[in-house]
Each structure stands twice: as C-alpha cells, then as structure tokens.
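A.B. asks: Dropping a structure here in structure tokens format, bear with me for questions.
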Amino acid sequence: MDTCKIGPGLYQYTSVDDCTRYRVLRLYSCRTAVNSLDFIDCVIEEMPFPI
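If you read the sequence shown in numbering that gives the first Met the number 0, its first letter stands for residue 0, the second for the next number, and so on.
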C-alpha cells in the first residue's frame, strides 16, 4: 500500500497484490487517518480473494 501526492489537494492511494498484480486505486483530497481506513475497507471489499 502506498500514497502519492499527484497534484494540489489530490492524493492517490494504491494497493497492489504481489502475486496476482491485482490493484486497487482511490483518489482523496487529503491524506488523513480516516481516508486511510476508508481505503483499507475498499481494498478488503474489492480484492477477489480474502486478505
């Protein structure tokens, strides 16, 4: 999992599975603990296998 500032007020959260290269991306307006938890929930829901 990683975060990257891609513009003023825009952060990309990325998670990539090493074995399958399956990835989940989300954009947020700020980098906060609340957004990090929301992203983790999205990753858990969207991965096609349990993590």
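Ideal placement from N, C-alpha and C gives every residue a C-beta, glycine not left out.
Check for me: the alpha helix (DSSP H) holding D1 runs from which residue to which?
C.D. replies: Where D1 is concerned, there is no enclosing alpha helix (DSSP H), although the beta strand (DSSP E) it sits in stretches over 1–6.
A.B. asks: Provide the residue span of the beta strand (DSSP E) that contains S35, from first to last.
C.D. replies: Run containing S35: none in the beta strand (DSSP E); it sits in the alpha helix (DSSP H), 32–45.
A.B. asks: Could you tell me the boundaries of the beta strand (DSSP E) in which R22 lies?
C.D. replies: Element bounds for R22: 22–27.
A.B. asks: Whose C-alpha, out of C18, R20, Y21, D37, is nearest the C-alpha of S28?
C.D. replies: The option with the nearest alpha carbon to S28 is D37.
A.B. asks: How many angstroms separate the CA atom of R22 from the CA atom of V15?
C.D. replies: So the alpha carbons of these two residues sit roughly 4 Å apart.
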